[in-house]
Amino acid sequence: MSLIKQLWIGIIVLLLLVLAGNFVISTITAKTYLQEQLRLKNIDNANSLALSISQMPDKDPVTLELLITAQFDAGHYEYIIFQDADRKPIVARSFDDVSPETSSVPKWFAKYVKIDSAPGIAQVQDGWQQAGTLVIKSHSRYALEALWKNTRALLDWFICATLLSGLIGSFILKYISRPLDLVVNQAEAIGERRFITSEEPKTKEFQRLVRAMNTLSHGVKHMLDKEAHQLELLRRESQTDSLSGLTNRTHFLNLLDTQLTRDDAQERGIIVLARVMHLNELNNQLGHQQVDQLLRTIAGVFSDLQDKYPDSYAGRLNGSDFTLLIPTDTPIDMLSADVSQKLNFQLIASSFEKIALPLALCSFNKNDKRNELLHKLDGALAQAELKGNRAVIALGDGQQDYVQQNLTQWRDAIAGALSAQRITLAKFPVRNTQGDLLHYEAAVRLELENELKPAGHFMPWAVRLGLMPDIDLAVVRLALTQLDLAPGPLAVNISAAALCSASFRERALALLHNEPERAKSLWLEFPEICMLRHLEELRAFSTQLRNSGCRIGLEHAGLEFTQFGNLQAMGLGYLKIDSAIIRDIHHNTSSQTFVQSLCTLGHSLGITMIAEGVLNDAEQQALIKIGVDGLTGPLIT
């Protein structure tokens, strides 16, 4: 029950008690007063009339009756009786009570509040002898009506006072309880694992409460910041090379495996491999510091290239080998010229123009074997070493014809598939560690050229053409339809391009608001990049989605993201750890430590931690031991 309702009830009860007491006291007092006044009036009237009769020389019954009748008609009397010495009535006049229809006093009031005054009695003298006794009693009807009017006025005032007090009290309470709304919001946020702080109100009681909750929030936030910093150190230790800052060999090979096998990964790409020749001799000639500066210079070029090409990864395989994984449809000769030019320019600018740095590039397609691809790339590098210090060998696969397709054709093909609803969802189970279903992960398929194509086939072109919001909206609509046919938790991916589209957000929310029951079974997950580059859009959209009943999560997480300070303010329900971190985790103690810390921090915020891309039982057992909550991948069926 709200405070306003409690205030109203309290005011009504209090005023009822006041009214009841006031009513009883005022009624008894007024009744006593009126009865006393009537008694005095009866005595005065009796004495006055008795004196008039005593002075009459002739007291015959006719004259007495005329006098008493005149007196009775002139006043408001209940009765007037003239008795002889033996108390036998000589003349009697009485007034019959009014009917209930003509009386303004309710029966119940007249029954319980009965005014009964004592009659006035006076002796009538005839000379020195007693002629009789006069008994007069005034009627109480008018006194009762006056008492009823007074009581009704008191009741009317009570009703007005109750309404007025309630309204004034409501406004006062609303003003006083303003800080309480802040306290409630903060308490709800803490319940949702969002540790925010609020300004301290002026009310002392609320001030103490808000101060205590702010202290709690500060303490938890400090703990999260500390844990997040430690987590970032673990991530760098397990995933990056200490000297260059690039991805280390183990993690790069895991990323390559993910690129070759993941359903939503781009179908084509290029791997670049550069080798610093004669590294041991350079250490002897230039010294370790100069060689370290050389390696950092090369790493800086690869890092810049990683930033230039979306979804690419730069790594250092060993002391002398640097590599770059670029998912792209760019012709290999154009890419090789760009990489070679940047390397040569930076080496010359850094006075390392004499350093031998052969370069090899190799195109790859999705589902290629990693060992075969690396063997092919190593052979190309061997050829470059034979050709010269800065030689470049590029091994393409004839994909240029594919790249040269008209963008208009791609637009027409994708738009046509969407308008004809040639879109389906492939479902993959996500289970908890006991094997129970958490939800199904839905992967989009578009029918292009009479064949269902995975997301990696058309997504790069859809992103370039700005069609991802339309695709994601169609996926949400199809997911809601499938939830109607086969109820059960269903997770769909929302791209960064769709998140940044105001039109998509508006239309998606309209769909969810129209289907509130189905929306409760829909899990929406965003890529890690959304948290890093589109934080405000994600925060606002996720709040609206939670209000619609959806569960919100983050997918492919852990490669860059360890900003749990932002994550705890987002109210996310689950987080999927990228398969590149999961790969061969049973052999990688650094990855185990990182994932374990990631799960511990996630659990402290109430986030369900799910491992992606589990391939074998050894990985599954290691992940369960580490503490993940859910698993998905080829092994999970």
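According to our numbering, numbering within the sequence shown proceeds without interruption in unit steps and concludes at 694.
Every residue gets a Cβ at the ideal spot worked out from N, C-alpha and C, and that includes glycine.
Predicted model, so just to flag it, every value in this text is computed and none were measured.
Backbone CA spacing between residue i and residue j [nearest angstrom]
i      : j      : result
ILE480 : VAL501 : 7 angstroms
PHE561 : ASP529 : 8 angstroms
LEU597 : ARG603 : Note that residue 597 is Ala in the sequence shown, not Leu. Each residue's Cα considered, the two are about 10 angstroms apart.
LEU688 : LEU537 : 24 angstroms
ALA437 : VAL396 : 16 angstroms
GLU294 : ALA675 : 23 angstroms
ILE405 : THR380 : 20 angstroms
LYS88  : VAL170 : 8 angstroms
LEU464 : PHE515 : 12 angstroms
LEU123 : GLY189 : 17 angstroms
ILE69  : THR219 : 6 angstroms
LEU566 : ARG640 : 36 angstroms
GLN457 : LEU382 : Since pLDDT at GLN457 reaches only 43, below the 50 mark, its modelled position is unreliable, and no value is offered.
ILE683 : PRO584 : 23 angstroms
GLN323 : HIS275 : 43 angstroms
ALA203 : PRO118 : 37 angstroms
GLU498 : VAL533 : 13 angstroms
MET627 : GLU593 : 10 angstroms
SER654 : LEU288 : 6 angstroms
SER578 : CYS607 : 7 angstroms
GLY226 : LYS484 : 58 angstroms
HIS660 : MET666 : 8 angstroms
LEU312 : SER234 : 55 angstroms
ALA559 : LEU221 : 48 angstroms
GLY67  : HIS570 : 40 angstroms
GLN94  : HIS196 : 12 angstroms
GLN461 : LEU522 : Note that GLN461 scores a pLDDT of 39, beneath 50, so its modelled location is shaky and nothing firm can be said.
LEU360 : ASP349 : Looking at the sequence shown, residue 360 is not Leu but Ser. About 16 angstroms.
PRO236 : ALA269 : 14 angstroms
First and last residue of the uninterrupted alpha helix (DSSP H) at residue i
i      : result
GLY513 : 512–522
GLN128 : 118–131
ILE700 : Only positions 58 to 694 of the chain appear in the structure, and residue 700 is not among them; the question remains open.
LYS168 : 164–169
GLN347 : 345–365
When the options are compared against residue i, the one with the closest alpha-carbon
i      : options                           : result
LEU662 : ALA246, GLN180, ILE693 and ASP349 : ALA246
ILE178 : PRO163, LEU108 and ARG209         : LEU108
THR657 : ALA472, GLU284 and ILE172         : GLU284
PRO546 : ARG150, ALA576 and ILE68          : ALA576
HIS504 : VAL449, GLN601, ALA472 and MET391 : One detail in the question is off: residue 504 reads as Glu in this sequence, not His. Looking at the Cα atoms, ALA472 is the closest of the given residues.
GLN243 : GLN491, LEU589, ARG235 and VAL267 : VAL267
ASP493 : GLU572, ARG265 and ILE693         : ILE693
GLY445 : ASP238, LEU281 and LEU416         : LEU416
ARG144 : GLN187, SER111 and LEU452         : GLN187
LEU273 : SER255, HIS286 and LEU290         : SER255
LEU317 : GLY513, LEU300 and SER578         : GLY513
SER161 : ARG373, ILE681, SER151 and ARG198 : ARG198
LEU72  : ALA200, LEU211 and ILE138         : LEU211
ARG319 : VAL671, ILE681, VAL685 and LEU522 : VAL671
ALA142 : LEU191, ARG521, GLY376 and LEU97  : LEU191
LEU76  : ASP101, SER111 and TRP214         : TRP214
PHE152 : GLN140, ASP130 and PRO146         : ASP130
LEU310 : GLU262, PHE228, THR208 and LEU431 : LEU431
Residue i: first and last residue of the uninterrupted beta strand (DSSP E) it sits in
i      : result
HIS335 : Looking at the DSSP string, HIS335 is not in any beta strand (DSSP E), and its letter there is neither H nor E.
ALA548 : 547–550
VAL487 : 480–489
CYS419 : 416–422
MET666 : 665–668
GLN180 : 177–183
The ligand COA heavy atom lying under 7 angstroms from the CB of residue i
i      : result
GLY628 : This structure lacks the ligand COA, and indeed carries no ligand of any kind.
Nonlocal neighbours in the same chain, by C-beta distance under 6 angstroms from residue i, ignoring five residues either side
i      : result
LYS194 : ASN99, GLU135, TYR136 and PRO176
GLN92  : ILE172 and SER174
TRP65  : GLY223
LEU616 : ASP635
ILE389 : ILE327, LEU418, SER420, ALA451 and GLY453
LEU351 : PHE409
GLN363 : SER369 and ALA371
Cβ shell of residue i (< 7 angstroms), same chain only, five flanking positions each side left out
i      : result
HIS335 : ALA413
ASP527 : LEU475
GLN649 : ILE642, ALA679 and ILE683
PRO691 : LEU672
CYS587 : ALA553, LEU556 and LEU595
### Message
Contact between the segment 133–143 and the segment 165–173 is defined here as three or more beta-carbon pairs at a separation below 8 angstroms; is this criterion met?
### Response
Inter-segment contact for the segment 133–143 and the segment 165–173 is absent: fewer than three beta-carbon pairs are separated by less than 8 angstroms.
### Message
Can you confirm whether the segment 476–493 touches the segment 426–445 when touching is taken to mean that 3 or more C-beta pairs between the two stretches lie within less than 8 angstroms?
### Response
The segment 426–445 vs the segment 476–493: no contact.
### Message
Under 8 angstroms, with one C-beta from each stretch per pair, do the segment 364–377 and the segment 405–415 reach the 3-pair mark?
### Response
Judged by Cβ distances under 8 angstroms, the segment 364–377 makes no contact with the segment 405–415, as fewer than three pairs qualify.
### Message
Taking 8 angstroms as the cut-off, does the segment 334–351 touch the segment 665–685 (at least 3 CB pairs, one atom from each stretch)?
### Response
Short answer: they don't touch.
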